[in-house]
Each structure stands twice: as structure tokens, then as C-alpha cells.
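What follows is a set of notes on a single structure, which appears directly below.
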Amino acid sequence: MTSTTTAADAILAAAHRIQQRGPSAPRAARDPVNLPMINNWVEAIGDGNPVYTSAAAAAASVHGGLVAPPAMVQVWTMGGLHPQRDPDDPLYAMMAALDEAGFTSVVATNCEQTYHRYLRHGEALTVATRLDSVVGPKRTGLGEGWFVTTRNTWYVGTEPVAEMLFRVLKFRPPEANTAPPQQQSASTDVIRPAINQDTAYFWAGTAAGELRIQRCGQCGLLRHPPGPMCPECGATKRTCLISAGRGEVYSYVVHHHPPVPGKQLPLVVALVELDEGVRMLGELRGVDPEHVEIGQRVVVEFQRIDDELVLPGWRLDA
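Going by the numbering used here, the sequence shown opens with residue -2, and the numbers climb by one from there.
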């Protein structure tokens, strides 16, 4: 039996033990569903639906009163900046087992939420988590890793009100590439985007040196990220607008760790509000992270990776 097989067996055994324990004990939200938090969320997301914030509009709607945005469900039970980790939590326990086996890096791969009903202001939530599956080892572009899937269920009392499937890749980071930057291959190292029928037009645009924004063919609403249906009028007829590629830094983060394939750290990831009104993420290049400021004017910059992929990013607009 090889050491790799032994390690895999130990991981699968740990997963089996955690699954056998079943769901975690319900964890209570710090606060009930409340208007101040909703105000902050809808402002950040740009959701102007009045049934979330206007008592009069909500009373006149099919809801008959104020409700919370369904996509906020995870917000209510987040642990804050200094969460108290429960060692019996299935996700935490599985992450610890994989850390011990050397799979110390993590990246989320997908999240699927199901909402059973709208939440009312003042309702108190709890959440329970169970380990759904652990699959691996798998060879991926990030290195050898394991796909860990958990399922969260939110309750009001004993009533389930929402569910979430959450999957992450827990991987062993490859050894650092010590070759000089000019000798490193961006085309083989870079994390490539997932391209589907909703986003293909965007990546075709970057390949042509264009920053394309999805526009509803019926009501004209601009939106990004793109999607199959207009959130304003429900139409599925889609066109696009070619952006001028200029805007300002709305928010940003400086990424120091873990390593990102094909990138030199630290790197700045900026959320840019384009002059056309939508916000778009991208790497802000050519500027010291300490000199980045909210409100700085930026312009799009295209980085050709290979014959198939061109990534959009930003540089300061001189």
C-alpha cells in the first residue's frame, strides 16, 4: 500500500466518521432579521426593491409587510470577524482533517441556495450543517485536492426556510515556481474562467479588445455579472453594450495569501464602478497596493494569456 493510498484512506475514514455524526447542533443567528442590516445589504448589492425597506410599499404588496431579500439568508448566521469555531461543525472538522493531511489551501467551487419562503423582519434563525460528500483525490489546475460538499439548512423554530449546498476544493499547494517571472508560463499557470452560454459573449469581447456589458433587449437594463434573465422585466432577450472601459475604484482588497497560480503577490483586486453604471471585478495592475484609494479613476487593460484567453483588468487612468 502506498503512502498516497494510506493518506486517502485516512481522509475517507475521517469523512465517514463526520457524516455518521449527522447535522451539527443548530447555531443561532446573532441578531434577528432586521432593517438596518437589510439597508446595508441592498445598498451594497444595488437592489432597490421597496418591499425590503419601505413599510408602506411592502404592505401594499403580495407580502403584506416587510420581508428580507432571500439571498441574505447566509448573512444572518455569519460569525462576524472573530467567530467561535465549533470543533463538531462538519465543515470545520473536515477542513481540519484535510489540513493535517497537507491539503492546506481552499477555493470555493460552487454554491446553490434554495429558498422555501421569504423571511420576515424580527424572525430569529438557526442553521445546521451536515457533511454531504468528500470526493478525491483529484488532479486539478490548482494541484491535487479533495472536493468537500456540505449542506446548510436554516430554520425559524422547527420550520426549514432555506437550504444551501456549498462545495469547496481543498488542495495541496504546488511547490513555488522559482523561475524568474519572464520564464514562467502564464498560459499554463493562470486560473481559467468557466465559460458558459451566458458569459461566452463577454470573453469573446475581451478577445476582441472590448469590454462588453449585458443589456436587456426589452427594457434596456445593463447588468453584470451576466445572466439568463433580466432581473427587472424577466425578459430573456439579451444584447450587449461595449463599455468605454473607464470608471472608478468602488472597493478593493489586497491579496497576500494563499498563492494564486500565474500571479505575483501581493495583488490588488478592485471592484470598479464603470461610467455606464455597473460594477466589475478585475486585477488592478501597475500600482503599489499602499497607494490604492477608493474613488481613483481607472481604465480597462487587457492581458492576453494565450490564443484563447484574454483577461480584463485595470490600470490607473492617467
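Note that CB positions come from ideal geometry on N, CA and C, so glycine has one too.
Residue i burial status per 10 Å Cβ neighbour count (16 or more: buried)
| i | result |
| --- | --- |
| V251 | exposed |
| M75 | exposed |
| C108 | exposed |
| L95 | buried |
| Q211 | buried |
| P323 | Shown here, the chain extends from -2 to 315; a query on residue 323 therefore has no answer. |
| A25 | exposed |
| V132 | exposed |
| K167 | buried |
| G292 | exposed |
| C216 | exposed |
| I42 | exposed |
| P190 | exposed |
| L122 | buried |
| D86 | buried |
| I239 | exposed |
| R18 | exposed |
| G231 | exposed |
| G202 | buried |
| L139 | buried |
| A55 | buried |
| A205 | exposed |
| P178 | Only weak support is given to the placement of P178: the predicted model assigns it a pLDDT of 41, under 50, and the question is left unresolved by the model. |
Cβ neighbours of residue i in the same chain (closer than 7 angstroms, five flanking residues each side left out)
| i | result |
| --- | --- |
| Q180 | No answer about Q180 holds up, because its pLDDT of 38 lies below 50 and its placement is not dependable. |
| V187 | P258, G259 and I302 |
| P223 | D195, T196, F199 and Q211 |
| E270 | G244, E245, Y247 and R276 |
| E298 | R282, G310, W311 and R312 |
| A52 | L63 |
The ligand GDP heavy atom lying under 7 angstroms from the CB of residue i
| i | result |
| --- | --- |
| V246 | With respect to small molecules bound, the structure shown includes none, and the ligand GDP cannot be examined in it. |
Per DSSP, the bridge partner or partners of residue i
| i | result |
| --- | --- |
| W38 | According to DSSP, W38 bridges with nothing at all. |
| L116 | A65 |
| Q110 | M161 |
| Y49 | Note: Y49 sits in no beta bridge, so no partner. |
| T137 | G140 |
| F299 | P309 |
| E156 | V153 |
| L88 | Paired residues: none, contrary to the question. |
| F168 | S102 and G142 |
| S130 | T146 |
| T123 | A25 and Y152 |
| T236 | R212 |
| E280 | V266 |
Of the residues the options, the one placed nearest residue i, counting alpha carbons only
| i | options | result |
| --- | --- | --- |
| R276 | R220, L262 and V289 | R220 |
| S130 | E160, T137, R164 and Y247 | R164 |
| W200 | A93, T50 and L306 | L306 |
| A22 | E141, N149 and G43 | N149 |
| Q194 | G154, E160 and R235 | R235 |
| H288 | A12, L278 and L313 | L313 |
| D272 | H253, G283 and R243 | R243 |
| Q110 | T147, G138 and M91 | T147 |
| M91 | G283, E270, I15 and L308 | I15 |
| D28 | A10, E160, E120 and S58 | E120 |
| A125 | G77, T155 and C237 | T155 |
| C237 | P256, E229, G214 and C230 | G214 |
| H13 | V145, Q71, K135 and A241 | V145 |
| M161 | E229, V103, L128 and T101 | L128 |
| A93 | L208, E229 and A11 | A11 |
Cutoff 8 angstroms; reference residue i; Cβ partners in own chain excluding five residues on either side
| i | result |
| --- | --- |
| R117 | V30, G62, L63, V64 and A65 |
| A98 | A4, A7 and I8 |
| T233 | P225, M226 and C227 |
| P157 | H113, T150 and W151 |
| H253 | L262 and P263 |
| L278 | V266, A267, L268 and V269 |
| V295 | R243, G244, E245, V246, A267, V269, L281, W311, R312, L313 and D314 |
| H60 | V48 and Y115 |
Proximal residues to residue i (C-beta, below 6 angstroms), its chain only, five neighbours per side dropped
| i | result |
| --- | --- |
| R82 | Y89 |
| A267 | V246, Y249, L281 and W311 |
| W38 | M69 |
| P84 | none |
| S182 | Residue placement at S182 is flagged as unreliable, the pLDDT there being 41, under the threshold of 50; a coordinate-derived value is accordingly withheld. |
| Y115 | V64 |
| R169 | G99, F100, G140 and E141 |
Considering only residues of the segment 239 to 276, which uninterrupted beta strand (DSSP E) runs meet the minimum length of 3 residues and lie entirely inside it, listed in chain order? 243 to 252 and 264 to 271
Jot down the residue ranges of each uninterrupted alpha helix (DSSP H) in the segment 187 to 211, minimum 4 residues, whole runs only, in chain order. 197 to 204
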